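Undergrad: The number in the working numbering is simply the position in the sequence shown, starting from 1, with 1093 added.
Below is a structure I'd like to ask you about.
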Amino acid sequence: MKIEFDQIEESFDDTTNLRTITEQAVVPGRGLLLRTTIYSPNQLAASVVFVPGQGTADEAFDSLSG
């Protein structure tokens, strides 16, 4: 199964030079995957969370792409 992520949040902090991007993917019949990636000048960190549910697009957050 191929999972496609939609971007739901992006932010950049000028003071710390941190950029965060949060994406989601609907897992049909199971729920949502949320992936947050934090970029800094010295490091890259990622976190993935599974949220159980019906796995429908109605449960998903609004994406930035429309």
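For every residue, glycine included, the Cβ atom is placed at its ideal position computed from N, Cα and C.
Note that the coordinates shown come from a computational prediction; the quantities given were computed from them, not determined experimentally.
With H, G and I counted as helix, E and B as strand and the rest as coil, what does DSSP make of Glu1152?
TA: Here residue 1152 corresponds to residue number 59 of the sequence shown, with the count starting at 1. It is helical.
Undergrad: Give me the residue from Val1141, Thr1130 and Gly1124 with the minimum Cα distance to Asp1044.
TA: The structure shown does not extend to residue 1044, since the chain is modelled only from 1094 to 1159, so the question has no answer here.
Undergrad: Please name the residue or residues paired with Thr1129 in a DSSP beta bridge.
TA: Looking up residue 1129 in the sequence shown gives position 36. DSSP lists Thr1115 and Ser1140 as partners of Thr1129.
Undergrad: Under 8 Å Cβ to Cβ from Gly1146, same chain only, skipping five residues before and after it: list those, please.
TA: Here the question's residue 1146 lines up with position 53 in the sequence shown. Cβ within range, chain order: Arg1123, Gly1124, Leu1125 and Glu1152.
Undergrad: Rounded to a whole number of angstroms, what is the C-alpha to C-alpha distance between Phe1143 and Leu1127?
TA: Position 50 of the sequence shown, counted from the start, is the residue given in the question as residue 1143. Position 34 of the sequence shown, counted from the start, is the residue given in the question as residue 1127. Cα-Cα distance, rounded: 6 Å.
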